[in-house]
Amino acid sequence: MGAPAPLLSVRDLTVTFPTKRGPVRAVDSLAFDVLPGRTLGIVGESGSGKSVTSLAVMGLHTGAEIKGSVTLAGRELIGLSDRELNALRGRRMAMIFQDPLSSLHPYYTVGEQVAEHHRVHFGSRRAIARERAVEALAEVGIPEPRRRAGEYPHQFSGGMRQRVMIAMALVCEPDLLIADEPTTALDVTVQAQILELIARLQQERGLSVVMITHDLGVVARVAHDVLVMYGGRAAEHAPVDALFTSPAHPYTRGLLDSLPRLDDPDDAPLRAIPGGPPSLLEPAPGCAFAPRCPRAAVGSAEERGRCTSERPSLGGPDGHPAACHFPAYEGVAP
Ligand SMILES: Nc1ncnc2c1ncn2[C@@H]1O[C@H](COP(=O)(O)OP(=O)(O)O)[C@@H](O)[C@H]1O
Ligand SMILES: [Mg+2]
């Protein structure tokens, strides 16, 4: 038996926004697979194209030019009508966001909203949809789900609201859950609980999950595989253990170095990678990370010239490619 066929397969995905100042290429030639029952972490700084990628997969972009291929269980999604996509969203794939309040209606009870989702996608009777909603709220760990189903979003804490969103995402039993920074707005304890919940549901239901985050700590907790994005492109792609033990791309190493460590004093300053994200309006010819790259900085003039003039393609060992002219495999410093 070969490897299982991917549930989600993205190839050559390029998303360009026409703007007054020119085209913004937010995602460029991106490719990844998500296998059934696995979690892919997509990690990168703010502006690296993570949300644009997830919205493209869900077919939620308006006004953007989208090229490439996105297949879900073998079916091409790019080019489907809104109607076809609407049918798939919910039933086959669902998404949760950073801010549940913006996705919940203030005037309807939480139970009504979860039930409505079920009704729309399954054409179920109200009483049945209502039961499914209570079951879903119970499954995501909301205490007294029958009573709380009758409450309004503002009566829930941030963490409980995110549980409601997860219940809404799961009530139609999708195969794929895309979670875009689902814990970023939550405090650390609640964040851990939500990540645990997603990991448990993923295991129990054999869900495929795309976990989008700027935080490698989140990736370490839930992901099997990790795609590191920089400037709309893939910088590195690896199984989670390989990424943490032998990060090949200097950008990944920088992200790892900026993680707080257990032996840090409490008042230690956060270590961020110096510099800012690259311009997507006028991309530099070479590696987008070169201006901030510690490896490029210590390279010979010839090496630096390569970094600033020649865009690195994704290469390296099977299963752990990196887009760098001087990657550091096997933990060897670049
Ligand atoms: N509708 C849009 N029009 C123009 N540019 C956009 C639009 N949406 C996103 N972008 C740009 O695409 C880039 C990636 O955005 P995004 O995917 O939201 O980043 P993040 O990795 O933080 O989720 C950003 O530079 C952003 O300004
Ligand atoms: Mg985002």
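Going by our numbering, the sequence shown opens with residue 254, and the numbers climb by one from there.
C-beta: ideal position from N, C-alpha, C; glycine also.
Asked: Closer than 7 Å: is that where the CB of Val323 sits relative to any heavy atom of ligand 1?; Found: no
Asked: Drop a sphere of 10 angstroms on the beta-carbon of Gly327, count the other beta-carbons inside from all chains shown, and report buried for 16 or more, exposed for fewer.; Found: exposed
Asked: Using the C-alpha atoms, what's the distance from Val363 back to Tyr405?; Found: 6 Å
Asked: When the Cα of Ser262 is compared with those of His467, Glu426, Ser322 and Gln446, which residue comes out closest?; Found: Ser322
Asked: By Cβ distance below 7 Å, which residues in the same chain neighbour Ala550 in space, the five residues on each side in sequence not counted?; Found: none
Asked: Comparing C-alpha positions only, which one of Arg564, Val305, Gln351 and Ala317 sits nearest to Thr272?; Found: Ala317
Asked: Over the uninterrupted alpha helix (DSSP H) stretch that includes Lys303, give me the two end residues.; Found: Lys303 to Met311
Asked: In the DSSP assignment, the beta strand (DSSP E) including Val462 goes from what residue to what residue?; Found: Ser461 to Thr466
Asked: Taking just the CA atoms, how far does Gly552 sit from Ser532?; Found: 23 Å
Asked: Could you tell me the alpha carbon to alpha carbon distance between Met464 and Arg564, rounded to whole angstroms?; Found: 27 Å
Asked: Can you list, in chain order, the residues of its chain whose CB lies under 8 Å from that of Leu509, leaving out five sequence neighbours each side?; Found: Leu469, Phe497 and Pro500
Asked: Which of helix, strand or coil does DSSP assign to Pro398?; Found: helix
Asked: DSSP state of Arg328, grouped into three classes?; Found: strand
Asked: May I have all residues whose beta carbon comes closer than 6 Å to any heavy atom of ligand 1, sorted in chain order?; Found: Phe270, Thr272, Val277, Ala279, Gly297, Ser299, Gly300, Ser301, Gly302, Lys303, Ser304, Val305 and Leu533
Asked: By Cβ distance below 7 Å, which residues in the same chain neighbour Arg264 in space, the five residues on each side in sequence not counted?; Found: Ala284, Gly321 and Ser322
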